[in-house]
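Structure first, commentary second.
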Amino acid sequence: MTRMQRITGVDVARGLAVLGMMTAHVGPGGPEDPWPWSLAQVVDGRSAALFVLLSGVSVALLSGGSRPVTGTRRAQARTRLLVRAFLVLGIGVAVELLGTPVAVILPTYAVLFACAVPLLGTDPRRLLAGAAAVAALGPLVHHELGPVLERLPGQAWTNLLTGPFYPAVVWFAYVLVGLAVGRMDLRDTRVRLRLLGAGAGLAVLGHGAAAALTRAFAGDPLLAAFVSTEPHSSKPLEVVANTGVGLAVLALCLLLADALPRVVAPLAATGALALTAYVGHLVVIAAIGPEVVWEPLAQSWLAFLGVTVLLCWAWRAAFGRGPLERLLHDLAARASDVAPDALPPAPAPAPAREAAPPA
């Protein structure tokens, strides 16, 4: 059975994504506030996009990384991934029942994770082409189909496809990019530098084009909204810009993790326990009350970040996998053990009995 190729820089990037989502939820300040108190607005949407992009990277690493598994081992990988997606969906639904004033990303994350499973053998170029198509067409589908699905029963499920915060028809682009990136040799410095350059270019292109087109379409609110890069607008240029930021952050984390491993160790631990950390902060929000979201303070925000990092760092050092990560790993591993090469050999056929001699 292929084990996940753990790359510290990926964990560091995932740790930043989790802390960024926490900041978006409980961080103080607005766009009019001075730095760093406007940080909550800076990370809103972008950190969630990075989190989903890294889910695609994880899918790739769980299925062989730059040397994708084939045959029976691919079947095992698919089983593990589908079990993980099912469990994350269940955890996400349970967390939503806490009633926090936070848009929980886990249900959509699980659906996107499962949708990537059939693509384990797809060439990275085709994955990137698919991501471009989803980024271009997904927002149109979201805009046209969303109002229709809202009128249908089972709105909780239709929200996964075309909801206002994490519509799968748009956000699948991030997973496809991540899956393509995970098929690259992320330990190669040249690959990292290419990712950094491509990410910076896409970020500048997305935000630059949005700024120019928003001014050009100032007299047409509908067109101006369609070229927006506002958080959770789910428009093409937002996807381009968020993808660029995500790639650049990942590349920098890969480089920093090799250059300063001790410095980034707390962030790497947070990323390795990302699911536990994310769920934990929502449980704390539910326990404290919605005021911590609606009326955030710098003190509570810093406490969330500091306690999360310290607990994850200590747990990682003492126990390894986080409690939810261990649950997913163990159940997925057991499920994949039913794959053909893990089964006992079939018994040999009984030898043919000789015919009895004539009486």
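If you read the sequence shown in the UniProt record's numbering, its first letter stands for residue 1, the second for the next number, and so on.
Glycine included, every Cβ here is placed at the ideal spot set by N, Cα and C.
In this structure, the beta-carbon distance from V18 to L112 does not fall below 8 Å. The beta carbons of L176 and V134 sit about 7 Å from each other, so the pair counts as a contact at 8 Å. Looking at the backbone, the Cα of A210 and that of Q299 are separated by about 35 Å. The beta carbons of A286 and G99 sit closer together than 8 Å. Of the other Cβ atoms in all chains shown, 16 or more fall within 10 Å of the Cβ of F304; this residue is therefore buried. Relative to the Cα of L50, the nearest Cα in the group A268, V227, L152 and G178 belongs to G178. In the structure shown, S300 adopts helical secondary structure according to DSSP, grouped into three states. In this chain, L119 is not harboured by any alpha helix (DSSP H), its DSSP state being neither H nor E. Excluding the 5 residues flanking it on each side, A103 has same chain C-beta neighbours closer than 6 Å at F165, in chain order. Under the three-state reduction of DSSP output, I7 falls in the coil class, being neither helix nor strand.
Per DSSP, the unbroken alpha helix (DSSP H) holding D330 starts and ends at P323 to S336.
DSSP places H142 in the uninterrupted alpha helix (DSSP H) bounded by P124 to E150.
In this structure A116 does not touch V88 by the C-beta definition: roughly 13 Å separates them, more than the 8 Å allowed. In this structure, the CA atom of L152 is about 47 Å from the CA atom of V264. A13 is a Cβ neighbour of L54, given a cutoff of 8 Å. The Cβ-Cβ distance between L237 and G206 falls below 8 Å. Under the three-state reduction of DSSP, E291 is assigned to helix.
The shortest C-alpha to C-alpha distance from G130 to any of T108, Y174, E144 and E150 is the one to Y174. By the C-beta criterion, the segment 69-82 is judged not to be in contact with the segment 301-319, since fewer than 3 inter-stretch pairs fall below 8 Å.
With 16 or more other Cβ atoms inside 10 Å of its own Cβ, D11 counts as buried. Judged by DSSP in its simplified three-state form, H207 adopts helix. For Q155, the number of other beta carbons within 10 angstroms of its own is below 16, and it is reported as exposed.
Taken through DSSP and simplified to helix, strand or coil, T100 comes out as coil. V57 sits away from G201, with the two beta carbons spaced by 8 Å or more. Rounded to whole angstroms, the separation of the alpha carbons of M184 and R125 is 11 Å. Setting aside the 5 residues that flank it on each side, C312 is surrounded in the same chain by A269, T270, L273 and A277, each with a C-beta closer than 6 Å to its C-beta; the list follows chain order. Remark: C-beta atoms of L127 and L120 do not approach each other more closely than 8 Å. Taking a C-beta distance under 8 Å as the contact criterion, V170 and G138 qualify as a contact pair. By the criterion of a C-beta distance shorter than 7 Å, R78 is surrounded in its chain by V117 and L120, once the five residues flanking it on both sides are discounted. Secondary structure of F226 (DSSP, three-state): helix.
In this structure, P296 keeps its C-beta atom at 8 Å or more from the C-beta atom of G9.
Residue environment: P231 is assigned as buried (16 or more neighbouring CB atoms within 10 Å of its CB, all protein chains considered).
Between T214 and S234, the CB-CB gap reaches or exceeds 8 Å.
Assignment of A60 by DSSP, reduced to helix, strand and coil, places it in the helix class.
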